[in-house]
Amino acid sequence: MIKTTYSDAILSGFDYLLKNYPEVFILGQGLWSPWYVGNTMKNLDKKYGKDRIIDTPVSESACTGAAVGASICGMKPIVVHPRMDFMLYAMDSIVNQAAKWSYMFGGQLNAPVTIRSIINRGGSQGAQHSQALHSWFAHIPGIRVVMPSTVQDARDLLISSVLSPDPVIYIDDRWLYEQTANLKPIKETPLNALTPKCLKKGDQITIVGSGYSTLLALNASKKLNSDGVRAEVFDLRVLNPFNSKSILDSVLKTKRLLVIDSGWKSCGMASEVITSIVENVPTNTLIDPPRRITLPDCPAPSSEVHEKDYYPNEEKIIKFINDSYYF
Amino acid sequence: MIKTTYSDAILSGFDYLLKNYPEVFILGQGLWSPWYVGNTMKNLDKKYGKDRIIDTPVSESACTGAAVGASICGMKPIVVHPRMDFMLYAMDSIVNQAAKWSYMFGGQLNAPVTIRSIINRGGSQGAQHSQALHSWFAHIPGIRVVMPSTVQDARDLLISSVLSPDPVIYIDDRWLYEQTANLKPIKETPLNALTPKCLKKGDQITIVGSGYSTLLALNASKKLNSDGVRAEVFDLRVLNPFNSKSILDSVLKTKRLLVIDSGWKSCGMASEVITSIVENVPTNTLIDPPRRITLPDCPAPSSEVHEKDYYPNEEKIIKFINDSYYF
Amino acid sequence: MSMSVIRAAEIKIAEAKKNRLVKGPVHLGVGQEAIAVGVSKNLRNTDRIFGAHRSHSHILGVDNDLHKLFAEVLGKNTGFSGGMGGSMHLASKSKGFLGSVPIVTGTVPLALGAGLASKLQKSGDIAISYLGDGATEEGVFHESLNFAKVSNIPILFVVENNLFSSHMHMSLRQPLNTINRFAKAHEIETKLVDGNDVAEIYRTSSEFIRKMRLQPEPYLIEAITYRWFGHVDWREDIDVGVARSKKDLLNWKKRDPIKRLSNAMIDKKIWTIEKQHTLDLKVNELIDVNWEKALKDDFPDRKSLLDNVYKYD
Amino acid sequence: MSMSVIRAAEIKIAEAKKNRLVKGPVHLGVGQEAIAVGVSKNLRNTDRIFGAHRSHSHILGVDNDLHKLFAEVLGKNTGFSGGMGGSMHLASKSKGFLGSVPIVTGTVPLALGAGLASKLQKSGDIAISYLGDGATEEGVFHESLNFAKVSNIPILFVVENNLFSSHMHMSLRQPLNTINRFAKAHEIETKLVDGNDVAEIYRTSSEFIRKMRLQPEPYLIEAITYRWFGHVDWREDIDVGVARSKKDLLNWKKRDPIKRLSNAMIDKKIWTIEKQHTLDLKVNELIDVNWEKALKDDFPDRKSLLDNVYKYD
Ligand SMILES: Cc1ncc(C[n+]2csc(CCOP(=O)(O)OP(=O)(O)O)c2C)c(N)n1
Ligand SMILES: Cc1ncc(C[n+]2csc(CCOP(=O)(O)OP(=O)(O)O)c2C)c(N)n1
Ligand SMILES: [Mg+2]
Ligand SMILES: [Mg+2]
């Protein structure tokens, strides 16, 4: 059986949605280009027509708002932002409108838009072409935030997002595009049924990641295993609304917690996970203080020299664990 | 001696800056209106001229960007957003530009803009006219975030913000405008010298607030005192970059921590404070789990019925403390 | 709904606001009724209409349920938004009124998307975006014009140019006092109309909408008008602006769209002063009945605070 | 700096990118050199210039330090931004080039503010905002035009209309292929010029800038041009777009601004082919010397990762 890449899994999610749901359409920058968003949307315009796959002017605000508006009218639109950084122009439609539309009108209306947002960084692209702002969206009630880290989830969370009656930010990371796996047949799953998932069992430390950092956590934990440290690894998958239950149970067992996040530290998802745990376990639960690995407190550097120090990687994680915890 | 209100303290901060620094100018919506921003800017246009006090079109994005640009050219501009909710249109200039300008050019340039942003809520104004997004900005390296809670700080933090060589978001809350105090003479203080401040001593629980929630914390803690609970109260003042040192010392003493925040819970400032503490104290420090009081996980309601349940207040805080901690 | 009923409803709300019966802010459109009434006559329930902060007339234009409006303004659970919105958040899904909110220009791209949906659904339905002159200063308005044009979206932008954005007269905010130049820059067919002339508004919108239904394309109507009250709440003479004079207001009141219509009909002998009086009485009764009913309704349940944040629970 | 040097510098960068000597993305403006060169001739060090993602020519227009450009593109600590920026983040404070960044339209309101600062400082200095045709689709551009006009801000918008926004031809993104209609809608004086004619650009910008220095006002120049390379990096024939043909490119190459100038001067007998050859050799030498020097420079210190996040420490 041929393995599927993460990027092809996204493509197959789009394909499934477009084939089965005539209400699905996609708009965003680069959709008619063969290279803009990797090959995650390759030839969709040719297969489903330029009416349903709309490449847009450089107008993130109007395009995002348009997707929100179309979603209010019974469509299932997906708006694509090839970089999360560009979405800073589109915040009103996301936060003031989509996230609140159902609530403001007492549930009479809803805005089931999907906002696909790509984390695209490294390669000396610098401060404005590198950001991972998932924690911002996870701060906002009314908007669901998902970050697939596995190939399977890359496809399945996309499908669940688009079929969700609520607005969803679906965040994929280009650093995951080459991951491969065998995909199971598609089974539609309601997004509200999905929660953080245990990807590896262990009983000495709970490591939590999301998106690319889950992959780092997994890889690191496998190496740790050979050092005799048995880590349990969780993939957040759904960052908002955040359900801490399974992680809580894990920490009660492992008594150690590490969160790895691909975003910034302050007011980030790592602080949320840690706080959600410590406020809910007896104070004598943890053997070591909970820890987080995040980006340093600076914008993304352009320099290759700095990029190496800026981004977490397997070795740094292993070293951090060995230095910070007493097993 | 006549006491000054919080809103007059802001006004006097503006007055001081405009009088002493010809590079200071202000732009934003409502600056020529006698009522738009309370009376925090009353008659400044008459006193300093409409050239320096510029009332603008409804263009948050361009106006914020213009302030950033002027700051790069040696001016000390202040851009005023009468509601924080409106700033969702201005995120690019704040987050992609101002916060990163110094870093991207290796320190050759800097953008010492001040963005005054008002939290203006309650009164059934509803979901789009109520937000407190300070935690968002506290997530972004490169931008300083201050929230004055006292009358003294309302004036002094404004002055420190405008004189700072870094971009600053200065956040005031209309619910504080009627507070009064005697003001000390003005003494310019560099913003980087300012950190969270202890407003009340105690040894049984550390309560941390910012802006309006500090006032709630103070008032509640005074009442708690008569119940025999000795709370130590901290006012964050500077949320980004966040210096946890004094709070840490306090928690080591009180062994209990409560954070009250006027924003949302998930990935909010309350999680940041809690995480910064728990990751830095021995695991057996706390007697009770750390706690947070924040907004519920929903947009601001319009209904008066719901507003009462939505916002923290003194009674709720006292009850929460009595229910959650064992003294 | 007729202009007189809308007028009377808003005056009722103004009084109630003054008497502190209404909690949240209300933005009254008294003086501007002709626009929504003229446009709405061309609409059907499957069209998609978006308003803004000053939208009582926009919703009443297509949904004559006065009781629901009053109840919403009073925050009652029988209101248009179940009491969860108040005056600034109105919706009536079954009539195609898909929402009004107070972020200036916030609904403009949403209406654009609603029009795009219509085009994809090939329904012949159209989108209406009501906005003010101030809203044309937000960049997303211009983005929306371009996108609408380049994608042939059936959307009618209805700009109610009342010359003010809260306290600021147009002349302090823009180089010219009319905005249809923006439509022209984007090659969008546009017409400048007298916003206080319901017949002209009806004619123009009717022509544009007929064309849009056949061939999806954006259009823009700029209707020059004036609001009689201040920017927010019931006062006439404060909160109104840096450049607004009593004299201007009086002159504009002479151009009252309701009196103009009624006088014109009386001149043409298709209407009489007596009939007008009878109508006025009936309108007042209608207002009172619905108001009293709304007053008696309940507020939303306290327990519903967290309802409807998400559709999935 | 002359067009030929800019051209040669960019070709050097293209090669280096191809040979993987350059790490980050580079956006080359080969074919568009006339614009920055024509405009820059009118500028002084105290003016305030902002570029965007394709700004090698913009900075070289006012700062002829080739070594600093090369060093920056190579990420060396001797570069324009101390190696912290790379090709997409260029600044030269002492020459008035206050920054270029890759967020489309991100610098436009910043330049507006720089112009506002000039006006308040009464310095007679002006702001230059270089932007592309794609950037005119962002709403903040339109907001900036309005604000510039209504506040009489001395800013010259220089729109390099190369008909493409990455892969998308103008005709797929806007109803018309020129954008000076937006200036007109905002009552801003504007001129459409041949972007490959350095003399015309010089004349027009010179006229506008002279007026701006005397009487603060915004102006807009739209220069029609074409880029020879793809959107990003060194390739000619990929990454270039949905509607770009080899034939178009060849035709545009015939309109090479450099050859046009040199041929015109030769025709007028104020220049000779021989002189041109000598010059070309000199240019190449200049390029090579600076490139080699930059290659030998150091990368930023690893320890500087957290420097300059804040000015205060
Ligand atoms: C994004 C945003 N900026 C500013 C405001 C404050 N505000 C509320 S209404 C208004 C005036 C809008 O004027 P216009 O669009 O002409 O509508 P009108 O009030 O005249 O009906 C302003 C500036 C807002 N609500 N939203
Ligand atoms: C806000 C934002 N949206 C999208 C992009 C992706 N992008 C980079 S350059 C570019 C094209 C811009 O075209 P134009 O302004 O005409 O400049 P040109 O590349 O032709 O010089 C786009 C869309 C971006 N960098 N920033
Ligand atoms: Mg108006
Ligand atoms: Mg271009």
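Residue numbers (the working numbering), protein chains in the order written: chain A, 159 to 485; chain B, 159 to 485; chain C, 1483 to 1795; chain D, 1483 to 1795.
Cβ coordinates follow ideal geometry from the N, Cα and C atoms, glycine included.
Just so you know, these numbers come straight off a predicted model, no measurement behind them.
Would you please state the rounded distance, in angstroms, between the beta carbons of C:Asp1779 and C:Thr1560? I believe it to be under 8 Å.
For this step, residue 1779 of chain C is matched to residue 297 along the third sequence. For this step, residue 1560 of chain C is matched to residue 78 along the third sequence. So it is a contact: roughly 4 Å between Cβ atoms.
Distance between D:Arg1663 and B:Tyr370 (C-alpha atoms, nearest Å):
Here residue 370 of chain B corresponds to residue number 212 of the second sequence, with the count starting at 1. Here residue 1663 of chain D corresponds to residue number 181 of the fourth sequence, with the count starting at 1. Answer to the nearest angstrom: the Cα atoms are 48 Å apart.
Proximity test, D:Gly1614 beta-carbon vs ligand 2 heavy atom, cut-off 6 Å
For the purposes of this step, residue 1614 of chain D is taken as the residue at position 132 of the fourth sequence. Yes - ligand 2 has a heavy atom lying nearer than 6 Å to the Cβ of D:Gly1614.
State yes or no: is the beta carbon of B:Pro150 nearer than 7 Å to at least one beta carbon in chain D?
Since the first residue shown for chain B is 159 and the last is 485, residue 150 of chain B is missing from the structure and cannot be characterised.
Buried/exposed call for C:Asn1790, threshold 16 Cβ in 10 Å:
As a position in the third sequence, residue 1790 of chain C is number 308, starting the count at 1. Classification of C:Asn1790: buried, given that the 10 Å Cβ count is 16 or more.
Taking C-beta to C-beta, are C:Ile1608 and C:Ser1574 nearer than 7 Å?
Sequence index remark: in the third sequence, residue 1608 of chain C carries index 126 (1-based). Sequence index remark: in the third sequence, residue 1574 of chain C carries index 92 (1-based). Cβ atoms of C:Ile1608 and C:Ser1574: not closer than 7 Å.
Between the alpha carbons of B:Lys205 and D:Pro1739, how many angstroms are there, rounded?
For the purposes of this step, residue 205 of chain B is taken as the residue at position 47 of the second sequence. For the purposes of this step, residue 1739 of chain D is taken as the residue at position 257 of the fourth sequence. The alpha-carbon atoms of B:Lys205 and D:Pro1739 are separated by roughly 53 Å.
Three-way DSSP call (helix, strand, coil) for C:Asn1766 in this model
Working through the third sequence from its first residue, we reach residue 1766 of chain C at position 284. In this structure, C:Asn1766 counts as helix in the three-state DSSP scheme.
Helix, strand or coil: how does DSSP classify A:Leu316 here?
Start at 1 with the first residue of the first sequence, and residue 316 of chain A comes out as number 158. Under the three-state reduction of DSSP, A:Leu316 is assigned to helix.
Contacts of B:Pro470 in chain C (Cβ-Cβ under 7 Å):
Looking up residue 470 of chain B in the second sequence gives position 312. Near B:Pro470 there are no residues of chain C at all, since even the closest Cβ is about 14 Å away, more than 7 Å.
Please state whether DSSP places B:Lys204 in a helix, a strand or coil.
If you number the second sequence from 1, residue 204 of chain B lands on position 46. It is helical.
Would you say B:Ala339 and B:Lys161 are within 7 Å of each other, going by their C-beta atoms?
Sequence index remark: in the second sequence, residue 339 of chain B carries index 181 (1-based). Sequence index remark: in the second sequence, residue 161 of chain B carries index 3 (1-based). Yes, they are a contact pair.
Whether or not the segment 200 to 215 of chain A and the segment 1606 to 1622 of chain C are in contact is what I'm after, with contact meaning three or more pairs of Cβ atoms, one per stretch, closer than 8 Å; do they touch?
no
Go ahead and label B:Tyr484 buried or exposed: buried means 16 or more other beta carbons lie within 10 angstroms of its beta carbon, across all protein chains shown.
The count along the second sequence starts at 1 and reaches residue 484 of chain B at position 326. With fewer than 16 other Cβ atoms within 10 Å, it is exposed.
Best match in C:Asp1676, C:Glu1774, C:Ala1665 and C:Asp1529 for proximity to C:Ile1706 [C-alpha to C-alpha]:
Walking along the third sequence from the start, residue 1706 of chain C turns up at place 224. The option with the nearest alpha carbon to C:Ile1706 is C:Asp1676.
Where do the N-terminal and C-terminal ends of the alpha helix (DSSP H) with C:Gly1533 fall, by residue?
Translated into the one-based positions of the third sequence, residue 1533 of chain C becomes position 51. Looking at the DSSP string, C:Gly1533 is not in any alpha helix (DSSP H); the run it does join, the beta strand (DSSP E), is Arg1530 to Gly1533.
Ligand 3 and C:Phe1646: does any heavy atom of the ligand fall closer than 6 Å to the residue's C-beta?
Position 164 of the third sequence, counted from the start, is the residue given in the question as residue 1646 of chain C. Result yes, Cβ under 6 Å from ligand 3.
Within 10 Å of its beta-carbon, does B:Gly386 have 16 or more other beta-carbons around it, so buried, or fewer, so exposed?
Along the second sequence, read from residue 1 onward, the residue named residue 386 of chain B stands at position 228. It counts as exposed.
Residue of C:Leu1777, C:Ile1769 and C:Met1694 minimising C-alpha distance to C:Lys1505:
Taking the first residue of the third sequence as position 1, residue 1505 of chain C is located at position 23. Nearest of C:Leu1777, C:Ile1769 and C:Met1694 to C:Lys1505, Cα basis: C:Leu1777.
Quick one: which chain D residues come within Cβ less than 8 Å of B:Gln493?
What the structure shows of chain B is the stretch from 159 to 485, and residue 493 of chain B is not part of that stretch, so it cannot be assessed.
Leaving out five residues before and five after D:Glu1470 in sequence, what residues of the same chain have Cβ atoms less than 8 Å from its Cβ?
Past the edges of chain D, shown from 1483 to 1795, lies residue 1470 of chain D, and the structure says nothing about it.
Mind checking which residues open and close the beta strand (DSSP E) that includes C:Gly1476?
Since the first residue of chain C shown is 1483 and the last is 1795, residue 1476 of chain C is not available in this structure.
Bridge-paired residues (DSSP) for D:Asp1547
On the fourth sequence, residue 1547 of chain D is found 65 positions in, with the first residue counted as 1. None, per the DSSP bridge assignment.
Could you tell me which of A:Trp190, A:Trp259 and A:Pro323 sits nearest to A:Lys234, measuring between CA atoms?
Counting from one through the first sequence, the residue named residue 234 of chain A turns up at place 76. Out of A:Trp190, A:Trp259 and A:Pro323, A:Pro323 has the C-alpha closest to the C-alpha of A:Lys234.
Would you check whether ligand 2 has a heavy atom nearer than 6 Å to the C-beta of A:Ile344?
The residue you call residue 344 of chain A lines up with position 186 of the first sequence. No; taking the cut-off as 6 Å, the Cβ of A:Ile344 has no heavy atom of ligand 2 nearer than that.
Could you give the DSSP three-state label for C:Phe1690: helix, strand or coil?
Position 208 of the third sequence, counting from 1, holds the residue named residue 1690 of chain C. In this structure, C:Phe1690 counts as helix in the three-state DSSP scheme.
Please confirm whether B:Val309 has its beta-carbon closer than 7 Å to some beta-carbon of chain C.
The count along the second sequence starts at 1 and reaches residue 309 of chain B at position 151. Taking Cβ atoms only, chain C never reaches closer than 7 Å to B:Val309, which makes this a no.
Residue-level contact to chain D via CB, C:Ala1665, 7 Å cutoff
Locating residue 1665 of chain C in the third sequence gives position 183, where the first residue counts as 1. Cβ-Cβ to chain D under 7 Å: no for C:Ala1665.
Does the beta carbon of D:Arg1536 sit closer than 7 Å to a beta carbon anywhere in chain B?
Here the question's residue 1536 of chain D lines up with position 54 in the fourth sequence. It does not: the Cβ of D:Arg1536 has no partner Cβ on chain B nearer than 7 Å.
Taking the alpha-carbon positions, what's the B:Ile435 to D:Gly1614 distance?
Along the second sequence, one-based indexing puts residue 435 of chain B at 277. Along the fourth sequence, one-based indexing puts residue 1614 of chain D at 132. Each residue's Cα considered, the two are about 48 Å apart.
Test item: CB-CB of C:Ala1630 and C:Leu1594 under 7 Å
Residue 1630 of chain C sits at position 148 when you count from the first residue of the third sequence. Residue 1594 of chain C sits at position 112 when you count from the first residue of the third sequence. In this structure, C:Leu1594 lies closer than 7 Å to C:Ala1630 by Cβ.
For a contact defined as C-beta to C-beta under 8 Å, what are the partners of D:Lys1505 on chain A?
If you number the fourth sequence from 1, residue 1505 of chain D lands on position 23. Here the neighbours are Gly281, Ser282 and Glu462.
Label C:Val1771 either buried or exposed according to how many other C-beta atoms from any shown protein chain fall within 10 Å of its C-beta, with 16 as the threshold for buried.
Here residue 1771 of chain C refers to the residue found at position 289 of the third sequence. Its Cβ having fewer than 16 others within 10 Å, C:Val1771 is exposed.
Which residue spans inside the segment 160 to 230 of chain B form an unbroken beta strand (DSSP E) run of at least 3?
182 to 186, 194 to 197 and 211 to 213
Let me check one thing: in DSSP terms, what residues is C:Trp1753 bridge-paired to?
Working through the third sequence from its first residue, we reach residue 1753 of chain C at position 271. Paired residues: none, contrary to the question.
Of all Cβ atoms in chain D, is any one closer than 7 Å to the Cβ of C:Glu1492?
Here the question's residue 1492 of chain C lines up with position 10 in the third sequence. So no, C:Glu1492 is outside the interface.
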